[in-house]
Amino acid sequence: MNIRPRWTKNILIFGGTALWGLLLISCVVTNRTVVAPPKIAGAEFVGNKECAQCHEDTSKHFGSATHAKVAVADPKLGDTSCEACHGPGSLHVKAGGSKGTIINPDKSPESCFQCHLDKRGEFQLPSAHPVTTGHVTCTDCHEPHAGNAIKGSGASLHTQSESCTECHTAQKGPFIFKHNAMKEGCVACHKPHGSVNEKMLTAPDSNLCLQCHATGSSPGRLMAGGRDHAGNPVNGTCWVAGCHEAVHGSNVSHALRF
Ligand code: HEC
Ligand code: HEC
Ligand code: HEC
Ligand code: HEC
Ligand code: HEC
Ligand code: HEC
Ligand code: HEC
2 MNIRPRWTKN ILIFGGTALW GLLLISCVVT NRTVVAPPKI AGAEFVGNKE
52 CAQCHEDTSK HFGSATHAKV AVADPKLGDT SCEACHGPGS LHVKAGGSKG
102 TIINPDKSPE SCFQCHLDKR GEFQLPSAHP VTTGHVTCTD CHEPHAGNAI
152 KGSGASLHTQ SESCTECHTA QKGPFIFKHN AMKEGCVACH KPHGSVNEKM
202 LTAPDSNLCL QCHATGSSPG RLMAGGRDHA GNPVNGTCWV AGCHEAVHGS
252 NVSHALRF
């Protein structure tokens, strides 16, 4: 479902500058749903420079963050991207920075959903990471304060899969017989947010495997791994018991069995 961006008055705070114009264009082109920062009653925007005075550590590497580019400079305040997620900070600053005067997203995905509307739906699909209950958070896999927002991408030494296997240790290996598909990352087969398919798979059936393995097939022949699979039961998936159930890697068989 594509929801069109709802441009509210808030967005005007970010100015009608060229970059914001660019984001608007990209939203229209890709149908991304970027909306508006969260609100705090009675508070106004103060700009990143104010935050940096007290939050030096969080601000130090923020220039490299994906979201540093999100909110565009107001000529009077400079960049306001901290407040894009935390809400306007004037009351917080006036109070000398006490708790409860600014939004701390902590384990809640709500500030993220404010702009990434489409993600709310993804996490409600039948098989999804439990972010709405706080058991998994957006920041388990995303970095708000430095570098690329997708952990394990960009200049990071960490891979994207490593951010998954921190929790999913069984899929980490090392395995004696590796499945080379794992080199493509977990997202070769899984939707990281949620999916209509079981186990958050990108496809419900053997097409998941055949996208890489169906080489040299012809009518009546289903070649995979150099062997005709046309006679294999069609009612199961490639990973049913007795076939390739050790899809992530095996310690007993090169054919990925347990
Ligand atoms: C005058 C110093 C000061 C300034 C300026 C300041 N903060 Fe704070 N901030 C603090 C202090 C002190 C705390 C409370 C720390 C604690 O008690 O753990 C805090 C807490 C926070 C928290 C956690 C709030 C909570 O309820 O847990 C966030 C988020 C935050 N600041 C963001 C910002 C942002 C964004 C800005 C700029 C708009 C900013 N701060 C400006 C001093 C400041
Ligand atoms: C993309 C959204 C986003 C942006 C932009 C952002 N933050 Fe945060 N911030 C978060 C989230 C989510 C948390 C809570 C989870 C965490 O600690 O990583 C957080 C937590 C914090 C905290 C509380 C940390 C603690 O330990 O309690 C402070 C302080 C803070 N941010 C300051 C800033 C400052 C200063 C900036 C700008 C330089 C900024 N944030 C920009 C999303 C953001
Ligand atoms: C004020 C709006 C706003 C908020 C709030 C916000 N984002 Fe974003 N986010 C954006 C925009 C704009 C982009 C760039 C979109 C694009 O790629 O066209 C973006 C990009 C991203 C990306 C993609 C990075 C990439 O390299 O492709 C991730 C991941 C992301 N945001 C996660 C989060 C998370 C997690 C939170 C909450 C902690 C959050 N965002 C809060 C506006 C926001
Ligand atoms: C379990 C890990 C995980 C969690 C939790 C997670 N993400 Fe992601 N997200 C990813 C990965 C991995 C990608 C990159 C997908 C790819 O490379 O195909 C991604 C991509 C994105 C993107 C950019 C691409 C797109 O789909 O638009 C956005 C925006 C985003 N996530 C937002 C969020 C928000 C908001 C939350 C919390 C509500 C969240 N994510 C929670 C792993 C996660
Ligand atoms: C912070 C820990 C954490 C991280 C990081 C994490 N996951 Fe998860 N994952 C979970 C939890 C918790 C569940 C829900 C388990 C349940 O419902 O029994 C889950 C469920 C899953 C499932 C579905 C399992 C099932 O039985 O239906 C898959 C597949 C999965 N995650 C893949 C990934 C991928 C891929 C990544 C990286 C992009 C990732 N996870 C990152 C904690 C995490
Ligand atoms: C080649 C495709 C493929 C890749 C790549 C892949 N998976 Fe899977 N994964 C599957 C399939 C298929 C299942 C379902 C297995 C089943 O139901 O027996 C699955 C199941 C899972 C489960 C649920 C396990 C359970 O016992 O129910 C988790 C968790 C998981 N994968 C995590 C990951 C992580 C983390 C990565 C990356 C390190 C990854 N997967 C990479 C295909 C893949
Ligand atoms: C992203 C591409 C990709 C996907 C998706 C994929 N594979 Fe693979 N698979 C490979 C590559 C690359 C190899 C190693 C080279 C080869 O043998 O073709 C491999 C090897 C194998 C092998 C070992 C063959 C041997 O004789 O050593 C088996 C078995 C296998 N895959 C089964 C599966 C199953 C089952 C699925 C679906 C759950 C799947 N693959 C999905 C890329 C993929």
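First residue of the sequence shown? That's 2 in this note's numbering, and the numbers climb one at a time after it. Ideal Cβ placement from N, Cα and C applies to all residues, glycine included.
Measure from the alpha carbon of residue i to the alpha carbon of each residue in the options, then state which is nearest.
i    : options                   : result
A72  : H87, H62 and T59          : H87
P39  : G122, F114, V137 and H249 : F114
E45  : C83, L202 and C55         : C83
G237 : C213, N208, G221 and D229 : N208
E144 : D107, F178, L126 and S91  : D107
D75  : C55, G48 and A85          : G48
K120 : A53, M183, Q54 and S196   : S196
P193 : K184, E185 and T203       : T203
C210 : F178, G221 and C244       : C244
A171 : N105, H255 and A247       : A247
A256 : F178, A182 and C213       : F178
In the structure shown, what three-state DSSP assignment does residue i receive?
i    : result
G64  : helix
F259 : coil
D229 : strand
L202 : strand
D75  : strand
A271 : Coverage of the chain is limited to positions 2 through 259, which leaves residue 271 absent and any answer about it impossible.
K70  : helix
H87  : helix
V30  : For V30, the predicted model reports a pLDDT of 30, less than 50, meaning its position is unreliable and no value from the coordinates is stated.
S265 : Residue numbering for the chain in the displayed model covers 2 to 259; residue 265 lies beyond these limits and cannot be assessed.
S196 : strand
H143 : strand
H1   : With the chain covering 2 to 259 only, the question about residue 1 has no answer from this structure.
F46  : coil
S219 : strand
H93  : helix
F176 : coil
Which first and last residues belong to the alpha helix (DSSP H) in which residue i is found?
i    : result
G122 : L118 to E123
Q161 : Q161 to T166
Alpha carbon to alpha carbon, what distance is there between residue j and residue i?
i    : j    : result
G155 : T81  : 24 Å
R258 : V188 : 22 Å
T166 : N252 : 18 Å
G226 : V241 : 17 Å
F176 : A150 : 30 Å
E163 : N233 : 34 Å
K1   : H191 : Residue coverage of the chain in this structure runs from 2 to 259, which leaves residue 1 outside it and unanswerable.
G217 : M224 : 6 Å
H130 : A66  : 24 Å
C139 : I41  : 22 Å
D229 : S219 : 10 Å
G186 : Q161 : 7 Å
G135 : S109 : 6 Å
H169 : C239 : 22 Å
S254 : G148 : 40 Å
G17  : T59  : For G17, the pLDDT reaches just 33, beneath the cut-off of 50, and the residue's location in the model is therefore unreliable, although a value from the coordinates is still provided. So the alpha carbons of these two residues sit roughly 28 Å apart.
Are the beta-carbon atoms of residue i and residue j separated by less than 8 Å?
i    : j    : result
K61  : G79  : no
K152 : H146 : no
S112 : N198 : no
H249 : H180 : yes
G43  : L118 : no
C55  : G122 : no
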